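Reading through the structure tokens given below for one structure.
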Amino acid sequence: MMKAKQEARRRQHQWVAIGILMLLALWATGCKTYVQDLDITQERLDAATPPLDGSHMLVQSFISQHPNLCEIELLPAVYQTPGQGTLTVCLQGIGPNTTPLVRQCIDVTSIAHNVPLRLAFLPQKDSAGKAYKLVLEGSPGVRVGFWYSSVDAYGNGELLLDGQVSGDLRFSTHYRYDLAAMGHDIGKGLRQSGWLFIPFSLLLLLPGYVLWYSLGLAKPNDPIANLAMCLAISLGLIPIALLWSTVVGLRWDRISCVAALIVLALCAATRLLRTKFSDLVPWTTERNRPTALLTGVLFALTLLVRFVQIRNLIVPAWVDSPQHALITQLFVLYGQVPQSYEPLLPIKDFVYHFGFHADTALFHWLSGLAIPQAMLILGQILNAVSMLMAYLVTWRLVQRKLSAITAALIVGLVSYMPAYYVSWGRYTQLTGMLLLPAAMVTALDWLETQKRDYRLLLMAGLIQSGLFLTHVRVTVFAICFLSAFMLCESIGQLRARNKDALLELWSRAGLCILATLCISAPWLVRMITHLHVFLPDPTTLSTHVVPSSSSPYGLLFITRNRELMSLAAIGGLCGLLKRKKESIWILAWCMLVALLTYPRLVGLLAANLLNPSAAVIALFLPMAIWGGQAVACIWDSIQPILSALLRKVGAQRNTTILLRSILAVLLLGTALWNGWGIIQIINPITVLATHEDWQAMDWIEDNTPPNALFLINARHWQYGIYTGTDGGYWIAPLTGRRTLLPTLPYAYGSPDYVQRVNEMARIVAETKDVNELSFQTLLAQEKVTHIYIGAKGGPLTPKMFLGNARYRPVYNSGAVWIFEVVR
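Counting in our numbering, the sequence shown runs from 3 upward without gaps.
This is how it looks when you write it as structure tokens:
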């Protein structure tokens, strides 16, 4: 009894020591306890104020949205030269006490034309919701003014030029986002959305758990791998279930979805009771506990970081997201895989991979969230889950828990990919990249097992089919990996002159392909019969614009990629020197993907199976695998040195525990440091809709007829396709009203339809005067009822319509303007 108490006390002391070491490691990294984030932005401008030469004064009022306001940015306009003298900037509150909070004098010779002028000051802790005014004055001789919008562009304040209301300055404010603010956001999020863990668990754990454990395929010594497989199976089963229910004519809705999950929950509960919860025992065994605990902490940190990243998003970002919302609406509308885009778009053939949209539709039914919010939340959950999939495939290939944990850490909290996917709304490729590791693992399990286990064949076929239904290009990645494996193994068998083993290998591969084709047959038939959709008419495409995806070098060397590529090179080299066949597979895999991405390098015709950007942003997976292998190799090299040092200082009995503690501290310190560094990963340029746009959508729903047609800002994007530039692009998914420029799937329409939409969008994008005949003809022919100018703006500005009898302003929040077309 005494020994047991001493052992328990010793373990408590060890955990206290580990905690202290973790805090010391975080402090030693020099990581800042805050980041500077955007608070308010007003980017419209059409005029410059007179020089502040002592005869003019500017006063801009605003309301800060966050605590710790710490910086204001203005855009100066220099009249030939900045002149001589000083510029006085004063920030003060609005109210009874007008004592200046900040006062700065700036030598105007340091100001340059159109170079942002940043005014930094100590954080104002209580700035959230507080009204301020910024006062700017100059001394005689100053030749500097500031750009502004002569039309109301900011709803919570105004610009006074010499006491007269004159619009709004072009300005932005920034605040310090610190640990206290993050803790507040996390607590608020848990209170408001913590219950979403229930529908998420039902959706992404129950189907996989029931099938994986009922087939008896669970790995007894790795609960993390089992969890990852359950998640992958669920993600693969959902689109397969919707595909085959469509074939037999069944329709899904909220009631049938809940009923199906209740049945699965009963099956899961029955199994747990029948087995006396033995499926959960591996989580608590002494052998698995350290790995499960460390990986669980890393996953929790990743999940928190992913949700902190979207704290300021009202809807998903960039131009891909509205089309994903539209496709999800089709699934909700039909309750099955749609045959066409009608009635939302006049496009007859639906052949877009739909795994993520099926997942989102079910999550929408279970949670009751609006589709954009369901998509945003589910997307971040899947983004966090990607680290578990990296663990799964690394453990299978490298067979080292340290390598698997490191790979999970890299994908979750170090690499910018896939975290940056949220800036693009690249949810379909993200879901495909989740299924890819499981597809690799299940295929290897089937191909490498000594005796044929047809349960493994079924699982491999299901995951491969789910991947095919989720993302075609990621399916090509999987084919490249299996091709690399088959090539390497075939060469080995040929050298060993083992024809029977070679025949068995290829027969198993054939069965795997056959199972995949059978499960996904209805979708494969539809794709083949609608092949013309993937071969658009060249006359509808722009020939003078180079697609952005043809220049992926900036993505290749995105933040931290150089370091990760160096680490991966060490891991790959270590594996090759040790003649590990798994390293050869990965190398051959990357080479095959590169070959399909750039087939002309070897004289082959481009097949358009992969574009460079899609391949580059998927590199995080092989880099994580090799990075995990590198860390294991490095640790193996320094572990004897650390052991010797520990023994010298008298740690004879606890050397192994201390070494593991040091390793855990290093991994967690890396997680904390890098995780804090990527909480600002959202690119402001990719945010189309703001809170002001969201409020305008409510007005549209309440004050416009269902058949209203909105003209929105447009620009050319790529491949001859036009896209929206502001929140107007979300009008159709959020309100059901039509817009003259549809979402991206319009490019799958008939050549005449695509050309017509492109011509209308081109007119909007090139319009300089809204009284032009082409613009007026467009409004009349299409019977446009309203014009929407969002907070982000575009080629059309409010000033172009104000004072014109043809347009009547019916809504104005400062940032968002809606005009009614007067007939």
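Beta carbons: idealized from backbone N, C-alpha and C, even for Gly. Bear in mind that the values here come from a model prediction, so they are computed numbers and not experimental data.
Taken through DSSP and simplified to helix, strand or coil, residue 218 comes out as coil. As computed with DSSP, residue 59 is found in a beta bridge with 139. Distances from the alpha-carbon of residue 578 to those of 146, 104, 589 put 589 closest.
When DSSP states are grouped into helix, strand and coil, residue 755 belongs to the helix group. Nearest Cα to residue 628 within the set 723, 402, 488, 240: 402. Comparing C-alpha distances from residue 585 to each of 490, 522, 559, 184 shows the shortest one belongs to 490. Comparing alpha-carbon positions, the option among 626, 749, 275, 488 lying closest to residue 515 turns out to be 488. For the pair residue 685 and residue 157, the CB atoms are not nearer than the 9 Å cut-off. CA-CA distance, residue 557 to residue 465, rounds to 29 Å. Here residue 174 carries a strand assignment [DSSP, helix/strand/coil]. Taking a 10 Å sphere around the C-beta of residue 170, we find 16 or more other C-beta atoms and assign the residue as buried.
Contact between residue 461 and residue 230 does not hold, since the beta-carbon distance rounds to 13 Å and is not under 8 Å.
Secondary structure note for residue 586: its alpha helix (DSSP H) is the uninterrupted segment 583-599. Short of 7 Å from the beta carbon of residue 35, and not among the five residues preceding or following it, lie these beta carbons of its own chain, in chain order: 180, 181. Counting C-beta pairs with one atom in each stretch, the stretch 725-733 and the stretch 336-349 have fewer than three that are closer than 8 Å, which means they do not touch. Per DSSP, the unbroken beta strand (DSSP E) holding residue 719 starts and ends at 716-720. Separation of residue 575 and residue 612 (C-alpha to C-alpha, rounded to the nearest whole angstrom) is 27 Å. Collapsing the DSSP output to three states places residue 559 in coil.
Judged by DSSP in its simplified three-state form, residue 788 adopts strand. The beta carbons of residue 591 and residue 483 sit closer together than 9 Å.
In the structure shown, residue 71 adopts extended strand secondary structure according to DSSP, grouped into three states. Note that the C-beta distance between residue 178 and residue 37 is below 9 Å.
Residue 382 is not a Cβ neighbour of residue 682, given a cutoff of 9 Å. In the structure shown, residue 41 falls within a strand segment according to DSSP collapsed to helix, strand and coil. Around the beta carbon of residue 479, a 10 Å sphere encloses 16 or more other beta carbons of the protein chains shown; the residue is thus reported as buried. Between residue 290 and the set 302, 247, 318, 222, the nearest pair of CA atoms involves 222. Put simply, the backbone Cα of residue 153 is about 16 Å away from that of residue 809. Taking C-beta atoms as the reference points, residue 723 and residue 691 fail to come closer than 9 Å. For the pair residue 91 and residue 131, the Cα-to-Cα distance works out to about 22 Å. Assigned with DSSP and collapsed to three states, residue 354 falls in coil, not helix or strand.
Between residue 106 and the set 72, 413, 89, 737, the nearest pair of CA atoms involves 89. The criterion of a C-beta distance shorter than 9 Å is satisfied by residue 676 and residue 416.
Contact between residue 472 and residue 358 holds: CB atoms are separated by about 6 Å, below the 8 Å threshold. Residue burial annotation: residue 100 is exposed, with fewer than 16 other C-beta atoms found within 10 angstroms of its C-beta.
Residue 680 counts as buried, since at least 16 other C-beta atoms from the protein chains shown sit within 10 angstroms of its C-beta.
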